[in-house]
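Numbers in the numbering used here are just positions in the sequence shown, counted from 1, shifted up by 4. Where a beta carbon is used, it is the ideal one built from N, C-alpha and C, also for glycine.
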Amino acid sequence: FNTDRSIIDDTKANFLKLFPKKIQNYTLYQQPYWKFRVGNFYREIDALVSLKEIRTYFPDAFIVPDNIKRPSISN
């Protein structure tokens, strides 16, 4: 997060270069900060696995608990 949107846009561009596989990502504004979030993880362990990989390039990354849509169950 940062108050300067251009820094968030640069971070997003760098992230998408490093992790080109399809992963949900969001840029949002919550005054006074612009925030860049990635992933919708149903299980905390999945978030932790991704966080370990992401921290290789973005050491300040952290998990943000949030409400997400549950994955659909297919038969």
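| Asked | Found |
| --- | --- |
| If distances are taken between C-alpha atoms only, which option among Ile67, Ser10, Arg59, Gln35 comes closest to Ile49? | Ile67 |
| Which residue comes first and which comes last in the alpha helix (DSSP H) that contains Asn18? | 9–22 |
| Which runs of the alpha helix (DSSP H) at least 4 residues long sit entirely within the region 25–75? Give them in chain order. | 48–58 |
| Check whether the region 55–63 and the region 27–41 are in contact - that is, three or more C-beta pairs closer than 8 angstroms. | no |
| Rounded to whole angstroms, how far is the Cβ of Asp72 from the Cβ of Tyr46, which I believe are closer than 8 angstroms? | The sequence given here places Ile at residue 72; Asp does not occur at that position. Right, the Cβ-Cβ distance comes to about 7 angstroms (below 8 angstroms), so this counts as a contact. |
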